[in-house]
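Shown next, in structure tokens, is the structure this report addresses.
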Amino acid sequence: MDIGLYSLDEIDARLAEVDEREAQELIDMMASSQKPIPDDLEWLQNGPRNPILGWGQSWSIFPMAFGLACCAFEMMACVFPRFDQARFGMEALRPTPRQADMLLISGTVTWKMAPIVRRLYDQMAEPKWVVAMGACATSGGTFASSYSVVPGVNRILPVDVYIPGCPPRPEAVLNSFLLLKKKIKGEHL
Amino acid sequence: MIVEIDASNVASQIEQRFPSAVEDVTSNTIVIKGNMLLSVAQFLKDTPSLDFSFLNTLVGTDYLDYIEVVYFLESITHQHKIYLKVRIFDREHPIIPSVVSLWKSADYQEREIFDLLGVTFKDHPNMKRIVMWQGFEGHPLRRDFL
Numbered sequence: 001m002d003i004g005l006y007s008l009d010e011i012d013a014r015l016a017e018v019d020e021r022e023a024q025e026l027i028d029m030m031a032s033s034q035k036p037i038p039d040d041l042e043w044l045q046n047g048p049r050n051p052i053l054g055w056g057q058s059w060s061i062f063p064m065a066f067g068l069a070c071c072a073f074e075m076m077a078c079v080f081p082r083f084d085q086a087r088f089g090m091e092a093l094r095p096t097p098r099q100a101d102m103l104l105i106s107g108t109v110t111w112k113m114a115p116i117v118r119r120l121y122d123q124m125a126e127p128k129w130v131v132a133m134g135a136c137a138t139s140g141g142t143f144a145s146s147y148s149v150v151p152g153v154n155r156i157l158p159v160d161v162y163i164p165g166c167p168p169r170p171e172a173v174l175n176s177f178l179l180l181k182k183k184i185k186g187e188h189l
Numbered sequence: 190m191i192v193e194i195d196a197s198n199v200a201s202q203i204e205q206r207f208p209s210a211v212e213d214v215t216s217n218t219i220v221i222k223g224n225m226l227l228s229v230a231q232f233l234k235d236t237p238s239l240d241f242s243f244l245n246t247l248v249g250t251d252y253l254d255y256i257e258v259v260y261f262l263e264s265i266t267h268q269h270k271i272y273l274k275v276r277i278f279d280r281e282h283p284i285i286p287s288v289v290s291l292w293k294s295a296d297y298q299e300r301e302i303f304d305l306l307g308v309t310f311k312d313h314p315n316m317k318r319i320v321m322w323q324g325f326e327g328h329p330l331r332r333d334f335l
């Protein structure tokens with residue numbers, strides 16, 4: 001049986017090639033992320049290059065609609081009217097990284113997902129911020145010594161704000177947004 | 190509602206057809222030999238009074254002495270179910286026949302058991318890792334993995 005232009009054997013060969021490439025990307029990423037990326041404190045000390053730009057950016061953050069695990073439900077709860085993150089100018093969740101400037105890592109990042117998370121981050125336009133939400137994203141949480149979980153998303157991305165909790169309450173998530181705002185504006189936290 | 194069928198009755202039917210295929214029977218579970226799995230499964234699926242046409246779930250467990258693969262079989266027409274177990278004592282090269290030819294739903298789940306427990310399913314159309322990446326060493330759900 002043939003599907004379109006390719007025979008099933010050809011498709012199998014191509015799929016095997018894709019698998020191999022994916023595995024290679026993943027193994028390279030594991031090798032290059034043995035140590036956490038240090039947090040960027042320079043921004044805090046020096047403040048934004050342009051305060052007016054920083055003020056404007058802080059009121060128009062476009063988070064990315066990207067749920068990884070159970071923390072994503074708290075993220076969704078933040079959007080809905082009860083907690084309503086629209087109050088802080090970030091109600092428009094963007095489903096594409098090209099239009100987003102804040103990546104909320106909502107949940108456990110596995111090594112298999114890590115190259116995809118990294119690619120999404122790379123696709124976002126500057127300036128961009130990362131919030132690590134929950135125990136798993138900040139440190140790996142319960143799964144820190146697991147074979148499949150990235151022990152803290154700061155192994156693969158530079159993180160701006162960490163939210164503790166498993167999962168964090170929506171209030172904690174909103175608080176992290178306020179902290180991020182302050183960071184963008186260059187205020188003291 | 191799907192009720193559990195009396196396993197001893199089914200086991201005696203299997204015994205009549207395939208002598209010494211059944212290793213152990215409890216109220217809802219039949220443990221069968223690995224080399225007889227495919228013919229017993231075919232028998233359970235094709236016999237009209239049993240008609241286990243639906244493989245609900247397929248899981249594997251490591252008990253250190255042996256690795257056990259459990260088949261959760263259901264009949265849509267008769268609304269009954271049974272649990273079929275296979276015990277594999279060879280930990281180095283565990284191999285049992287694949288049931289993908291009978292139940293298509295076994296495809297991904299057999300691949301998962303191969304991935305996480307290292308059980309090879311003979312005659313599976315695409316026996317490679319599904320959860321972990323290619324080149325990952327070991328089988329994570331084995332008790333002696335770490």
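Top to bottom, those sequences are chains A and B.
1 is the number of the first residue of the first sequence in my numbering; add one for each residue after it.
190 is the number of the first residue of the second sequence in my numbering; add one for each residue after it.
All C-beta atoms in this analysis are idealised placements derived from N, C-alpha and C, irrespective of residue type, glycine included.
Element boundaries [alpha helix (DSSP H), containing residue i]
i	result
A132(A)	Premise fails: A132(A) lies in the beta strand (DSSP E), 129-133, not in any alpha helix (DSSP H).
D235(B)	226-235
F261(B)	Element bounds for F261(B): not the alpha helix (DSSP H) but the beta strand (DSSP E), 256-264.
V79(A)	71-79
P51(A)	51-58
E171(A)	170-185
Residue i versus residue j: straight-line alpha-carbon distance, rounded
i	j	result
Y252(B)	A137(A)	33 Å
P278(B)	D254(B)	The amino acid at residue 278(B) is misidentified as Pro; the sequence shows Phe. Taking the straight line from one Cα to the other gives about 7 Å.
A65(A)	K112(A)	20 Å
K183(A)	C166(A)	24 Å
N175(A)	I163(A)	9 Å
S294(B)	G54(A)	54 Å
D296(B)	D304(B)	12 Å
A230(B)	A69(A)	37 Å
M30(A)	E91(A)	34 Å
Q99(A)	I156(A)	21 Å
P63(A)	G186(A)	19 Å
G327(B)	E171(A)	42 Å
L15(A)	F88(A)	45 Å
F80(A)	V288(B)	46 Å
L239(B)	L226(B)	16 Å
P314(B)	I265(B)	26 Å
L180(A)	D40(A)	13 Å
N154(A)	I37(A)	6 Å
Opening and closing residue of the beta strand (DSSP E) in which residue i lies
i	result
K274(B)	269-277
D251(B)	243-251
S201(B)	Careful: S201(B) lies outside any beta strand (DSSP E), inside the alpha helix (DSSP H) at 196-206.
V161(A)	161-163
In DSSP terms, what residue i is bridged to
i	result
R230(A)	Since the first residue shown for chain A is 1 and the last is 189, residue 230(A) is missing from the structure and cannot be characterised.
E22(A)	Paired residue(s): none; E22(A) is not in a bridge.
F310(B)	I285(B)
D213(B)	V220(B)
V192(B)	H269(B)
T110(A)	V149(A)
L104(A)	V131(A)
Sub-8 Å separation of residue i and residue j beta-carbons
i	j	result
V130(A)	V150(A)	no
I61(A)	D101(A)	yes
A196(B)	I221(B)	no
L324(B)	I27(A)	For the sequence presented, residue 324(B) should be read as Gly rather than Leu. Result yes, Cβ atoms of G324(B) and I27(A) sit closer than 8 Å.
K311(B)	P286(B)	yes
A200(B)	V192(B)	no
C71(A)	G107(A)	yes
F232(B)	I203(B)	yes
I194(B)	G249(B)	no
K128(A)	L93(A)	no
Presumed contact (8 Å Cβ cut-off) between residue i and residue j, rounded CB distance
i	j	result
E257(B)	K274(B)	6 Å
A135(A)	I105(A)	Going by Cβ atoms, the distance from A135(A) to I105(A) rounds to 12 Å, so no, they are not a contact pair.
F177(A)	Q57(A)	With a Cβ gap of about 13 Å, F177(A) and Q57(A) do not count as contacting.
F243(B)	S228(B)	Not confirmed; about 19 Å, so no contact.
Any chain E beta carbon closer than 8 Å to residue i
i	result
Y147(A)	The structure shown has no chain E; the protein chains it does contain are A and B.
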